[in-house]
Amino acid sequence: MTLDKPARFIVNSAAGTNSDLVVRLYAERLRDVYAPQVIVDNRTGAAGRIGLEALKASAPDGATMAITHDSSLTIYPHIYQRTLRYDLARDFVIVAPLGAFSFSIAVSPRSEFRNFRQFAEWAHGRQGVAFASSAAGSAPHFVAMEMCKAIDLQASHVPYRDNGQIIGDLQAQRLGFAMQLVGSHAELHRSGQLRSLAVSAEARSPLMPDVPTFAELGLPQLTAEEWYVLLVPAGTPTPLVSGLRAAVTAAAEDAALAEALSRVGLHVVKASPEQLADRLRTQTARWGEVVRETGFSVEEAR
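Residues -19 to 282 (the numbering used here) are what the sequence shown spells out, left to right.
So, in structure tokens, the structure goes:
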């Protein structure tokens, strides 16, 4: 079943971000397949929560959908317990994954570390090291915390609003390391402007094939990906959900879409609704344990 009216695709981040790119790639392919027109609606603010609140408030008529990174469904319930205004099970229907990305630990090219083992040996038992990620309370932040535990490093997170500033401070060695999206590091690593030491994916990134995975380095517990997930409001008729899922699944087979995603460090993923729901449950448990172990407070994320 498809729509006979325009659809609205909510993006909970600004134009030009990876989320926005993913939505525009899919919106182009959903037009005339699922709906005669697909309008991209950027709803920014509150670390992506504004967009999901807008989806929750929308009519369940199949005409409104939203993309979100899965940490907004698996991490936020732990760190925004008092202020989170949506519940995955109650307020949304999971449609399909739209893409996935992993993370990279990088150091300054001026550093003494040629590989992760050298970094881990230096870090063991050390205190007072500053590091950055894309956002406090994010998946790369918590992967970095898991890594610090694994190599016995006492490090403090420095929140940044600007990716360029992270790179500048990393290059100047004002930071010990940064944990960010592979796409944020790949070109700089290839050009020698920073040095990536490991990636969190199950397999090496085609953008940085010389960089090993954490699993290769004996740290499989640091394997992590974040998925973009497509949601619609709870109560959306099942035939419309099925029609949207079929359209998204067909779009994901487009080689041009996969190529566009790969250029920014993303890749297509496939999962049934049951598999996706199971992944979200597993990730919710994983990040909940990290939040409890680290004592992370929502105030740090502000």
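For every residue, glycine included, the Cβ atom is placed at its ideal position computed from N, Cα and C.
{"query": "Please work out which residues of its chain come closer than 6 Å, Cβ to Cβ, to residue 238, disregarding the five sequence neighbours upstream and downstream, and give them in chain order.", "result": "248"}
{"query": "Please state the DSSP three-state secondary structure of residue 90.", "result": "coil"}
{"query": "Starting from the C-beta of residue 214, find all residues in its chain whose C-beta is less than 7 Å away, skip the five residues before and the five after it, and write them out in chain order.", "result": "40, 70, 71, 72, 73"}
{"query": "Between the Cα of residue 208 and the Cα atoms of 42, 250, 48, 178, which residue gives the shortest distance?", "result": "48"}
{"query": "Can you check DSSP and say which residues form a bridge with residue 39?", "result": "Partner(s): none; residue 39 has no beta bridge."}
{"query": "Buried or exposed: where does residue 264 fall if 16 or more other Cβ atoms within 10 Å of its Cβ makes it buried?", "result": "buried"}
{"query": "Going by the beta-carbon positions, is the gap between residue 56 and residue 36 smaller than 9 Å?", "result": "no"}
{"query": "Looking at C-beta atoms only, is the number of pairs between the stretch 229 to 236 and the stretch -9 to 10 that lie closer than 8 Å three or more?", "result": "yes"}
{"query": "State the DSSP-derived secondary structure class of residue 46, mapped to helix, strand or coil.", "result": "strand"}
{"query": "Using a 10 Å radius around the Cβ and a threshold of 16 neighbouring Cβ atoms, would you call residue 171 buried or exposed?", "result": "exposed"}
{"query": "Which stretch, first to last residue, makes up the alpha helix (DSSP H) that contains residue 149?", "result": "143 to 151"}
{"query": "In the structure shown, what three-state DSSP assignment does residue 208 receive?", "result": "strand"}
{"query": "Measuring alpha carbon to alpha carbon, tell me which residue in 91, 275, 80, 148 is nearest residue 180.", "result": "80"}
{"query": "How is residue 194 classed by DSSP in three states: helix, strand or coil?", "result": "coil"}
{"query": "Just the C-alpha distance for residue 84 and residue 17, rounded to the nearest angstrom, thanks.", "result": "37 Å"}
{"query": "Helix, strand or coil for residue 77? Go by DSSP, reduced to three states.", "result": "strand"}
{"query": "What did DSSP end up calling residue 252 once you bin it into helix, strand or coil?", "result": "coil"}
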